[in-house]
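Protein chains in written order, with the numbering used here: chain A, 7 to 535; chain B, 7 to 535. First up is the structure itself, then whatever we jot down about it.
2 protein chains.
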Amino acid sequence: MGERPPVLEIYDTTLRDGTQAEGFVLSAQDKLKVARRLDRLGLHYIEGGWPGASPRDQEFFALAAELSLATARLVAFGSTHHPDRRPQNDANLAALLAAGAQTTALVGKAWDRHVRALLGITLEQNLDIIRGSVAFLAAAGRRVFFDAEHFFDGLAADRDYALAVLAAAAQAGAAALVLCDTNGGSLPEQIKEGTSLVAARFPGLTVGIHCHNDGGLATANTLAAVAGGARQVQGTMGGMGERCGNADLTAIIPGLQLKMGRPCLPPERLALISETARYVREQANLPPERFAPYVGTSAFSHKGGMHISGVEKDPALYEHVPPEAVGNARRYLVSDLAGKAALLNKLGQWGFDLDGDDPQLAELLGELKQRENEGYLYEAAEASLELLVNRRLGGRPAQFFDLLGFRVADYKAAERSDPQAEATVRVRVEGQEEHTAALGHGPVNALDRAIRKALERFYPRLAEMRLVDYKVRVLAGSDGTEARVRVLVESGDGVNRWGTVGVSFDVLEASWQALGDSIRYKLFKDSAG
Amino acid sequence: MGERPPVLEIYDTTLRDGTQAEGFVLSAQDKLKVARRLDRLGLHYIEGGWPGASPRDQEFFALAAELSLATARLVAFGSTHHPDRRPQNDANLAALLAAGAQTTALVGKAWDRHVRALLGITLEQNLDIIRGSVAFLAAAGRRVFFDAEHFFDGLAADRDYALAVLAAAAQAGAAALVLCDTNGGSLPEQIKEGTSLVAARFPGLTVGIHCHNDGGLATANTLAAVAGGARQVQGTMGGMGERCGNADLTAIIPGLQLKMGRPCLPPERLALISETARYVREQANLPPERFAPYVGTSAFSHKGGMHISGVEKDPALYEHVPPEAVGNARRYLVSDLAGKAALLNKLGQWGFDLDGDDPQLAELLGELKQRENEGYLYEAAEASLELLVNRRLGGRPAQFFDLLGFRVADYKAAERSDPQAEATVRVRVEGQEEHTAALGHGPVNALDRAIRKALERFYPRLAEMRLVDYKVRVLAGSDGTEARVRVLVESGDGVNRWGTVGVSFDVLEASWQALGDSIRYKLFKDSAG
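What follows is the structure in structure tokens.
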């Protein structure tokens, strides 16, 4: 009693199991960006992919050599060797070693029904495969986490066999036994009971839990496993994953830490969880989750006079945890008063020391609210916000040039020929007008090239800068091609990276705005030196 | 032992608490339609609204007189009388009686902190208000379900007082005591313990449970309450509700019935739950939930060769319940990891009876793999796949027209003026070439209008069709505006909805492909009749 419980290990599999979700697609480059953010959040393990099953995941591990993670260890995932091969000549195990990660997750079958029906081998042969695969990786110097697939179904069907599978992995040198509810259908009581049984039986090893959400119980099942003795918690950001998804770390970590008193992350890191959740979805071009526990945009929104006056008197009357603890914000849906504190904070960072009553602040807030209603999203485009603030509050010069107009023509002459895009632009720099043109691969690229061509004459350092990412989102779902679009551009110059935004009913005009801001921000930062 | 447990009462509050969700709006007419479907599903109670707080809900109850429900009873919701009034002259209670429903839900405060901070009255006065309000409704011949707001927070803060609140309601004639986790932050153990305490203390009354999902635990909390003795289960379809939503009946009912052996609905009614969930969202103009447990469109979807061949051998290997039990369907996703089995299955659905060794199959698989590498994503664009398959395997005609070429011009004349977009297209239908032009809001819209204009002359039924959604995704993150883009288009004609895809380095050409397929699919389906 009174002792502080040990910190739980958080193991994220967004980049591997998460990408099995329908419509959740990340490139190798996206995965690197996500890995950096998960590391910043303070997670302990990041499962990067299955190199033996996907060339994209091999590419990711090759690129991951340049990731220097501060808190997290990268894990490569793979399966036990093929029944017809030996560990030494199994391609999947070879790919696992080649990935270079010091920690490997190895999945093997723990349900007799699967061994018989799917592998078509004897139960004893399956144990041999598990022993051989674990021992092979351990002998190669890898730390092995053994994922016992369908463990809880296996335990219910043939208890002795499910435990024998774990014993085989343990005996061959596994460092952790991860109990998987692969079909996602177990109930919390079952999970708790099964986990305590394993924790008691294998006291020297870390017991992990890996749940799926087919019964809508993945969060509860994970908490139940921790109550039963699990010390490693697996899941994905936002619960992405195949079918109904994996256990959702954005609900589980706050639940463990704020409600069960089981520390996972330092409090200042926990406060990054909402923005991390949104960042991950943004990489896959998905809008933020509205109704997600803790991190959703509606999670702390209040409607109706009684709720709002109640929260003003005493937030605990209508909030189960303080939104700041998870980096989320209270929102009032009727009269939105949120944002002021956040904006003052940002202004301070940028060197503007404004008073809370300053009329300039109210004016700026009004303009931002208006622009956010139009679809500008400054969370992912802080460079555009910083430029706007400098213009409005009379900070350093932030304009540099005016974009006067463009004409873009895109011509596909015949069914089998590629379209040709040409853009002409007019820009003005210090009173001089420049009118030029460029071809491109598609209309957006032509526009981008023409703008740079026009401006590089005046600002040669723009040659250092490149576009890192370009995203388009159609706003307000149901009006088809007439809807408003938001373009987010990410740029870099080898030192910094920054995001800018444009919104219009016209995808080219939205791109024009975002590209203009991205170049302005480069000039703005360089001029500070 | 061996006795069949009594059927649980299912109480739906989609039409009242559910409509507190951001973005979930139902008219009085929509509510009538939803009520009919919930009745057909076999639910026992339908809470129709709060007549004392909303004129729309008064209108609903006035119209509801014409509803003839077969299994469900309609419930009107209201709160205890205002501290400054008496039951006889309280407008809220009067509206509750005027609504005409025989069963009324009456909410009162069960957490001392709320009584003091928000009502600003003594704890004893609150008990008087509860007694007076319940007795008033009971004397008017109403059956009263007492909703104990914040019951679990109240129980934790002042156990005796929370129980005294229930005793006051019971003594005044309440037929049910509904325990509410209003802030949604309780854990399953707490809920189970609190519920068993109440069930033991008030053996003659029905104990109900009403959870919110702020901790991601509403489903687990509701199941825990039933294990603790609750007999009435409250929730909403799809978990709609304020903040993170209410308990989701579409996950809870199958969980209770299929996993805990607690009957809620006759099995043939349970099989209507998936279509009912989709119907409710459709009324609010929301797309079906993808990842929802049991009823989501992805809930029984399988990716990957091993999963698919496993399910073909023995569905229980990868499915926690049979999809038919909840009226859902198994789906095989055509994806880069999938193989032959998924494609053969799809081909079968489309009437192509191919052998696994057929060289046409290998050829088609090769082409699909190639196209998926280029970025075509058929998961969300099955209509494009069906058209392709029909072309390749010589099924029904699926071409209808050829898109020959386009020219799109987008001109922004000055800084403050909106851009003007114009598209010209050339199409060929049965040997005739049509060359026409259209203006649009942005270049994609102009292209869409021009294509339709050219084709509607030949196919007047295209006027029935509309674009429902348009999505752009830039593939392979790191090449900026030069990257390849994928356009997904969703279209509908009032009867069906379908998705199509286009991929190009040029966003307009990708749109051109996806728009062309979306029109072809409409003609293809119509020609089947």
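Idealized CB from N, CA, C, for every residue including glycine. Note that the structure is predicted; figures quoted are calculated from it, not measured.
**Study point:** Rounded separation between L143/B and V150/B - CA only
**Key:** 7 Å
Point to revise | Enclosing alpha helix (DSSP H) for L367/B [first to last residue] | key: P365 to E380
Practice item. Let me know the beta strand (DSSP E) ranges lying completely inside the segment 416-488 of chain B, each 3 residues or longer, listed in chain order. Key: 426-435, 438-446 and 472-480
Point to revise | Residue-chain proximity (S304/A, chain B), Cβ-Cβ < 9 Å | key: yes
Check your understanding: Under 9 Å between C-beta atoms, does H120/B make it to chain A?
Key -> yes
Review point. What are the start and end residues of the beta strand (DSSP E) that includes Y527/A?
Key: Not the beta strand (DSSP E): Y527/A falls in the alpha helix (DSSP H), residues V513 to A534.
Check your understanding: Any Cβ of chain A within less than 9 Å of the Cβ of R413/B?
Key -> yes
Review point. What first and last residue would you give for the beta strand (DSSP E) that runs through Q405/B?
Key: That residue, Q405/B, is in no beta strand (DSSP E); it is neither H nor E in DSSP.
Point to revise | Integer-rounded CB distance, given that L102/A should sit under 8 Å from P93/A | key: That belief does not hold up - the Cβ atoms of P93/A and L102/A are roughly 10 Å apart, past 8 Å.
Exercise for review: Indicate whether at least one CB of chain B lies closer than 9 Å to the CB of K309/A.
Suggested key: yes
Practice item. Could you tell me which chain B residues have their CB closer than 9 Å to the CB of F297/A, listed as they occur along the chain? Key: Those are A27, E28, N219, G245, M246, G247, R249, C250 and G251, listed as they occur along chain B.
Practice item. List the endpoints of the continuous alpha helix (DSSP H) containing K5/A. Key: The structure shown has nothing for residue 5/A, since chain A only spans 7 to 535.
Check your understanding: Would you call G522/A buried or exposed, if buried means 16 or more other Cβ atoms sit within 10 Å of its Cβ?
Key -> Residue burial is scored here from C-beta neighbours: G522/A has at least 16 other C-beta atoms within 10 angstroms and is therefore classed as buried.
Check your understanding: Closer than 9 Å, CB to CB, is F511/A near chain B or not?
Key -> yes
Practice item. Given a cut-off of 9 Å, decide if F530/A and E392/A are closer than it, judged by their beta-carbon atoms. Key: yes
Review point. Using a C-beta cutoff of 9 Å, does D134/A count as contacting chain E?
Key: Note that chain E does not occur in the displayed structure, where the protein chains are A and B.
Point to revise | Contact set between the segment 446-464 of chain B and chain A, restricted to residues whose Cβ is under 7 Å from the partner | key: From the segment 446-464 of chain B, only H447, G448, P449, V450, N451 and D454 have a Cβ closer than 7 Å to chain A.
Exercise for review: Give me the Cα-Cα distance between A236/B and L47/B, rounded to the nearest whole angstrom.
Suggested key: 21 Å
Check your understanding: Buried or exposed: which applies to D359/A, given that a residue is buried once 16 or more other Cβ atoms fall within 10 Å of its Cβ?
Key -> Classification of D359/A: exposed, given that the 10 Å Cβ count is below 16.
Check your understanding: Hey, quick one: how far does the beta strand (DSSP E) through E155/A stretch, first residue to last?
Key -> R149 to E155
Practice item. Please list the segments of the alpha helix (DSSP H) lying wholly inside the segment 188-268 of chain B, counting only runs of 4 or more residues, in order along the chain. Key: 194-207, 224-233 and 255-260
**Study point:** Host alpha helix (DSSP H) of E274/A (start-end)
**Key:** Where E274/A is concerned, the enclosing alpha helix (DSSP H) stretches over P273 to L276.
Practice item. Any chance you could list the alpha helix (DSSP H) runs of at least 4 consecutive residues sitting entirely within the segment 75-120 of chain B, in chain order? Key: 97-104
Exercise for review: With a 10 Å radius around its C-beta and 16 neighbouring C-beta atoms as the bar for buried, classify K115/A as buried or exposed.
Suggested key: buried
Practice item. Pull up the distance between the alpha-carbon of Q426/B and that of D408/A, whole angstroms please. Key: Each residue's Cα considered, the two are about 20 Å apart.
**Study point:** Residue burial classification, R402/B (beta-carbon count within 10 angstroms, cutoff 16)
**Key:** exposed
Check your understanding: Between S280/A, L133/A and F406/A, which lies nearest to F306/A when the distance is taken from Cα to Cα?
Key -> S280/A
Practice item. Would you mind sorting L445/A into buried or exposed? The rule is 16 or more other CB atoms within 10 Å of its CB. Key: The residue in question, L445/A, is exposed, as its Cβ has fewer than 16 Cβ neighbours within 10 Å.
Review point. What residue range is occupied by the uninterrupted beta strand (DSSP E) comprising L494/B?
Key: V491 to G498
Exercise for review: For C270/B, collect the residues of the same chain with a Cβ closer than 8 Å to its Cβ; drop the 5 residues on either side in sequence, then sort them by chain order.
Suggested key: Cβ-Cβ distances below 8 Å link C270/B to V13, L14, I16, V239, I259, L262, Q263 and L276 in the same chain, with the five nearest sequence neighbours on each side left out; the list follows chain order.
Practice item. For H326/A, go through chain B and note every residue whose CB falls closer than 7 Å to its CB, in chain order. Key: N189, G190, G191, D220 and G221
Review point. Would you say the beta carbon of R422/A comes nearer than 8 Å to a heavy atom of the ligand PLP?
Key: Questions concerning the ligand PLP fall outside what the structure shown contains, since it holds no ligand whatsoever.
Check your understanding: Is DSSP giving L185/B helix, strand or coil here?
Key -> strand
Review point. Would a check of beta-carbon distances place R479/A closer than 9 Å to chain B?
Key: At least one chain B Cβ lies under 9 Å of R479/A.
Point to revise | Rounded distance between the beta-carbons of A104/B and P57/B, thought under 8 Å | key: Contact flag correct, Cβ pair sits at about 7 Å.
Practice item. Report the residues of the segment 365-386 of chain A with a CB closer than 7 Å to any CB of chain B, ordered along the chain. Key: none
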